[in-house]
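Participant: In our numbering, the protein residues as written are 1 to 149.
Every residue gets a Cβ at the ideal spot worked out from N, C-alpha and C, and that includes glycine.
What you are looking at is a predicted structure, and each value in this text was computed from that prediction instead of being measured.
Handing you a structure now.
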């Protein structure tokens, strides 16, 4: 008389499944850690894009635009005649913004106000954003191209 074979998993099959689940869990937990420079890089990328937009806006308006950074955020101000400034409060792109990784230290090289003028060729510029532990640099080349480094 034959004994009916019992259904089920062997010990080796169960161990293989547990190893696979363990490896998958470890991979997910390692990839879920936030990037410490993620917000800083996002701020730098957004700033690079907005500097190019502001440069184009300065050319269209025919008047320079000043970039004013602070520890909490930054703003763009068109420089009107007779020393008056008006804000881009209603502008969706060039309105005042807060840093996502605030507070930040901002350093500009060469140390001078960042004035985006109507000229197509400007002086090179290096803006460094730092949260105290990490830093990201936004470079504006003489040809007006802006990139994050």
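Let me know if residue 58 comes out buried or exposed under the rule of 16 or more other beta-carbons within 10 Å of its beta-carbon.
Facilitator: buried
Participant: Compute the Euclidean distance between the alpha carbons of residue 46 and residue 69, then round it to the nearest angstrom.
Facilitator: 14 Å
Participant: Determine the closest residue to residue 112 out of 119, 123, 102, with distance taken between C-alpha atoms.
Facilitator: 123
Participant: Measure from the alpha carbon of residue 94 to the alpha carbon of each residue in 141, 36, 136, 73, then state which is nearest.
Facilitator: For the residues 141, 36, 136, 73, the minimum Cα distance to residue 94 belongs to 73.
Participant: Quick one: what does DSSP say residue 29 is sitting in, helix, strand or coil?
Facilitator: helix
Participant: Could you round the C-beta distance between residue 51 and residue 116 to whole angstroms and report it? I think they count as a contact, below 8 Å.
Facilitator: 7 Å
Participant: Pull up the distance between the alpha-carbon of residue 100 and that of residue 91, whole angstroms please.
Facilitator: 19 Å
Participant: Can you tell me the Cβ-Cβ gap for residue 71 and residue 138, rounded? I've got them flagged as a contact below 8 Å.
Facilitator: In fact, because the Cβ distance is near 17 Å, the residues do not count as touching under 8 Å.
Participant: Restricting to Cα atoms, I'd like to know which of 142, 13, 145, 133 is closest to residue 40.
Facilitator: 133
Participant: Please return the same chain residues whose Cβ sits closer than 7 Å to the Cβ of residue 44, not counting the five positions on each side in sequence.
Facilitator: 129, 136, 138, 148
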